[in-house]
Amino acid sequence: MALGLNSKAGKAEALLLQARILHQELLRGVKGDKRLLGVGGVTCSADTRWQIADRRFKGAIALFEELRHPFELAKAYCYYGEFLLRRTEVREKIPCSFGERTGVREKEEEKGATEYLQKAQEIFEKIGAKAWLKKFMT
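Its first residue numbered -17, the sequence shown is counted upward by one per residue in this note's numbering.
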């Protein structure tokens, strides 16, 4: 990372990278990779890791919004939207216990994912980032 972690931009980049790495680890865990240790070498549940990744994505987005870095913000929106979609897909595959209310959380996350992906698309279009539009909006 070119920017130091003492700067807001550096911190935002680090949060986004950590969230993306954690997201990939969670997806590998869903596919049966048992080598995952958790966060920072500390074992924790998958639910907790999803929550940590969620907070890191939101933290990065808040900083990029504050800094008004449109390209980085659009990337963060895009990655977070994908994260929400994947989390919904994972939850749909997990059987619910008897009497548990289903569907509400998934629908909210899917709506949120769509909103973040639309925001990303709007920014990418505005700044002319055609490669990113092609990469994420196909």
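Using N, Cα and C, we set each Cβ at its ideal position, and we do this for glycine too.
One question on the structure: do residue i and residue j come within less than 9 Å of each other, judged by their Cβ atoms?
i, j, result
"L49", "K(-10)", "yes"
"K57", "L8", "no"
"F39", "Y61", "yes"
"E92", "T70", "yes"
"E97", "G63", "yes"
"G94", "L115", "no"
"A111", "Y59", "no"
Report the rounded CA-to-CA distance for residue i versus residue j, giving the unit in angstroms.
i, j, result
"Q100", "A113", "16 Å"
"Q0", "W32", "12 Å"
"K(-7)", "D36", "16 Å"
"R10", "E107", "32 Å"
"A44", "E(-5)", "12 Å"
"T30", "H5", "12 Å"
Below 8 Å on the Cβ atoms is my guess for residue i versus residue j; work out the distance and round it to an integer in Å.
i, j, result
"P52", "I109", "5 Å"
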